[in-house]
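Residue numbers (my numbering): 120 to 397.
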């Protein structure tokens, strides 16, 4: 994560965006807004978040979403930087530290008071947690596990679904949150049954990705279709269809775990996805 003057820079989060002044080149934004950036936001709290390897800290500011941007500043979606890390072989890419910092600073905003007795929490000195001085309750950053699954059949097709929230007719993989007392494989099977009415087996883990929008850990699987008629639930899923690899609809852009899983499957078929730039 280090770069010259890196420890004096600051990351300024605004909603799900990262702010930067016009003087910071696009290829340097992942290293912060610069050492003097905090001066544009007088009174804003600066939080030091340790990097993943704990070798240094990231200075962060979380602005209220109603806050106005200073003249000449720009807002860039945090998720737009994820492809930089996805395309890199570096597990310590700066983008992962940005996602971590965003996750933690959001959690700090939501964990000011104890969830048991309502007293003001205090930061623990030895790790990233908060403790209530009244009742002793300790709180760690919330992480919500969610599964996402590529479902394939014996005709070299994959099942893609259109969620009602998707824009531009995009299709993606079946996904959902893990429920209390549920193992990951059971979640995969349940989500497929609930959302599109089909049965699966041979459920295998593939990969994972932090997704702090707000606090998810996406856990990717692949699974084989074994039976049932595809029937969208009509609540979350608007449409679901089988697609051969050479006739895919619009799918998530690079950076999303769904795209990584689909690209991996396509590669195994000797295919690749061509972005629609129209």
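Note that beta-carbon positions come from the ideal geometry of N, C-alpha and C, so glycine has one too.
Rounded to whole angstroms, what's the CA-CA distance from residue 185 to residue 356? Just pull it up for me.
For the purposes of this step, residue 185 is identified with residue 66 of the chain shown, where counting begins at 1. For the purposes of this step, residue 356 is identified with residue 237 of the chain shown, where counting begins at 1. Distance between the alpha carbons of residue 185 and residue 356: 32 Å.
If you drop the 5 nearest sequence neighbours on each side, which residues of the same chain put their C-beta closer than 6 Å to that of residue 330?
Numbered from 1 along the chain shown, position 211 holds the residue referred to as residue 330. Non-local C-beta neighbours of residue 330 in its own chain, meaning closer than 6 Å and more than five positions away in sequence, comprise 337, ordered along the chain.
Where the alpha helix (DSSP H) containing residue 217 begins and where it ends
Taking the first residue of the chain shown as position 1, residue 217 is located at position 98. Unbroken alpha helix (DSSP H) run through residue 217: 213-229.
List the DSSP bridge partners of residue 268.
Taking the first residue of the chain shown as position 1, residue 268 is located at position 149. For residue 268, the pairing in a beta bridge is given by DSSP as 293, 340.
Go through its chain and collect everything with a Cβ distance to residue 221's Cβ below 7 Å, but skip five positions before and after it.
Here residue 221 refers to the residue found at position 102 of the chain shown. For residue 221, the CB contacts under 7 Å within the same chain, skipping 5 residues up- and downstream, are 132, 197, 331 in chain order.
Distance between beta carbons of residue 165 and residue 157, contact taken as under 8 Å:
The sequence position of residue 157 within the chain shown is 38, counting from 1. The sequence position of residue 165 within the chain shown is 46, counting from 1. With 8 Å as the limit, residue 157 and residue 165 qualify as a contact, their Cβ atoms being about 6 Å apart.
Does the segment 305-322 come into contact with the segment 381-394, if we say contact requires no fewer than three beta-carbon pairs (one atom in each stretch) closer than 8 Å?
Output reads no: the segment 381-394 does not touch the segment 305-322.
Just grab the DSSP bridge partners of residue 195 for me.
Looking up residue 195 in the chain shown gives position 76. For residue 195, which the question treats as bridged, DSSP gives the partners 137.
Would residue 249 be called buried (16 or more neighbouring beta carbons within 10 Å of its own) or exposed?
Taking the first residue of the chain shown as position 1, residue 249 is located at position 130. Buried is the call here.
Which of helix, strand or coil DSSP assigns to residue 279:
Reading the chain shown from its first residue, position 160 is the one you call residue 279. Residue 279 sits in a strand when the DSSP states are folded into three classes.
If you reduce the DSSP assignment to three classes, tell me which class residue 121 lands in.
Reading the chain shown from its first residue, position 2 is the one you call residue 121. Summary for residue 121: the model assigns pLDDT 45, below 50, so the residue's position carries little reliability, and this model does not support an answer.
Residue of 299, 333, 359 minimising C-alpha distance to residue 316
Within the chain shown, numbered from 1, the residue matching residue 316 stands at position 197. Nearest of 299, 333, 359 to residue 316, Cα basis: 359.
8 Å contact criterion, which residue 363 and residue 256 should meet: CB distance rounded:
Your numbering for residue 363 matches position 244 in the chain shown. Your numbering for residue 256 matches position 137 in the chain shown. Actually they do not touch by this definition, with Cβ atoms about 53 Å apart.
According to the Cβ coordinates, are residue 136 and residue 194 closer than 7 Å?
Here residue 136 corresponds to residue number 17 of the chain shown, with the count starting at 1. Here residue 194 corresponds to residue number 75 of the chain shown, with the count starting at 1. Contact: yes.
Under three-state DSSP, which class holds residue 359?
Position 240 of the chain shown, counted from the start, is the residue given in the question as residue 359. In the structure shown, residue 359 sits in a strand (DSSP, three-state: E or B).
Does residue 287 pass the burial test, meaning 16 or more other C-beta atoms within 10 Å, or should it be called exposed?
The count along the chain shown starts at 1 and reaches residue 287 at position 168. Exposure of residue 287 is indicated by the presence of fewer than 16 other C-beta atoms within 10 angstroms of its C-beta.
Smallest Cα separation from residue 280: which of 322, 235, 340, 367?
To locate residue 280, count along the chain shown from 1; it is residue 161. Selected option, being the one with the closest Cα: 367.
Assign residue 123 to buried or exposed, taking buried as 16 or more other Cβ atoms, counted over all protein chains shown, within 10 Å of its Cβ.
In the chain shown, counting from the first residue as 1, residue 123 sits at position 4. Residue confidence is low: residue 123 scores 41 on pLDDT, short of 50, so the model does not pin down where it sits. Its coordinate-derived value is still stated next. When all chains shown are included, residue 123 counts as exposed.
Inspect the beta-carbon positions of residue 334 and residue 261 and report whether they are closer than 7 Å.
Counting from 1 along the chain shown, the entry for residue 334 is found at position 215. Counting from 1 along the chain shown, the entry for residue 261 is found at position 142. Their beta carbons are under 7 Å apart, which means residue 334 touches residue 261 by this criterion.
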